[in-house]
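See below for the structure under consideration.
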Amino acid sequence: GAGVSQSPSNKVTEKGKDVELRCDPISGHTALYWYRQRLGQGLEFLIYFQGNSAPDKSGLPSDRFSAERTGGSVSTLTIQRTQQEDSAVYLCASSSRAGNQPQHFGDGTRLSIL
Amino acid sequence: AQSVTQPDIHITVSEGASLELRCNYSYGATPYLFWYVQSPGQGLQLLLKYFSGDTLVQGIKGFEAEFKRSQSSFNLRKPSVHWSDAAEYFCAVITGTASKLTFGTGTRLQVTL
């Protein structure tokens, strides 16, 4: 079956612009996660959805970052007024349910802020 | 808070040689442990996982890992490395009621022919 799909695969934008990153999880997966991978750094957790609600958004770095999930499926991560430090690969993952179930990752969106 | 340490940033092995990548975690109770592999420009692929039971777990691509509670370790091994194994490897943990993965900083594997 189809895996986790992310779009766009690459995004280049100017500092100060807003960007939207999309994640389409594996069909039937109720849990969805966003992570960030900055160059030379590890993977950082951003936010986790169970259904359409976000029980844990502790990793969002600032109020410029927001995310939503609709219909228990597609999720959008929005970054407002982008800064150069936002440049990173943004990875989305889904799992059949929250907890100890393996998370399956998409190929990520590479975001570059000029 | 839980943490994961991968002491080796970069490892080079010859094709056909054995491989061991180290991972140590910090957590009071038994964690759920994972190894992922990331090829350039791609997402993370799950190699194997440990939840409970047999401490030696088998994964895909001929990899295995051993959970050692006394050493708080979950090292990844492969008896004979192939050139296609060159990639970055991440150890990760889920602990307690949290659902998020906490990752190590990764080990980049280079394979020489």
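Chains P and S, in that order, are what the protein sequence lines are. Its first residue numbered 3, the first sequence is counted upward by one per residue in our numbering. Its first residue numbered 13, the second sequence is counted upward by one per residue in our numbering. Heads up, the beta-carbon is just placed ideally off N, CA and C, and yes, glycines get one too.
{"Query": "Beta-carbon gap between F35/S and Q50/S smaller than 7 Å", "Result": "Sequence inspection shows Cys at residue 35/S; the Phe mentioned does not correspond to that position. For C35/S and Q50/S, no; Cβs fall outside 7 Å."}
{"Query": "Proximal residues of chain P, C-beta to C-beta of T117/S below 8 Å", "Result": "Q43 and G44"}
{"Query": "Residue-chain proximity (P63/P, chain S), Cβ-Cβ < 7 Å", "Result": "no"}
{"Query": "Sufficient close CB pairs (3 or more, under 8 Å) joining the segment 10 to 29 of chain P to the segment 38 to 45 of chain P", "Result": "no"}
{"Query": "Range of the contiguous beta strand (DSSP E) that encloses H22/S", "Result": "H22 to S26"}
{"Query": "Closer than 7 Å at the beta carbon, the chain P residues around K61/S", "Result": "P104"}
{"Query": "Per-residue contacts from A100/P into chain S (C-beta, under 8 Å)", "Result": "S111"}
{"Query": "Residues that L34/P contacts on chain C, provided the C-beta gap is smaller than 7 Å", "Result": "Structure shown: chain C not included; protein chains present are P and S."}
{"Query": "Helix, strand or coil at Q50/S [DSSP, three-state]", "Result": "strand"}
{"Query": "Reference S64/S; option with closest CA among Q54/S, L56/S, F75/S and F46/S", "Result": "F46/S"}
{"Query": "Under 8 Å (Cβ pairs) to chain P, residues found in the segment 25 to 53 of chain S", "Result": "Y44, F46, Y48 and G53"}
{"Query": "Rounded straight-line distance, which links the Cα of L121/S to that of A33/P", "Result": "31 Å"}
{"Query": "First through last residue of the beta strand (DSSP E) which encompasses V16/S", "Result": "S15 to T17"}
{"Query": "Limits of the beta strand (DSSP E) - the one that F86/S falls within", "Result": "S85 to K90"}
{"Query": "Chain-ordered residues of the segment 5 to 26 of chain P with a beta carbon less than 7 Å from chain S", "Result": "none"}
{"Query": "Span of the beta strand (DSSP E), counted from its first residue to its last, around A77/S", "Result": "E76 to K80"}
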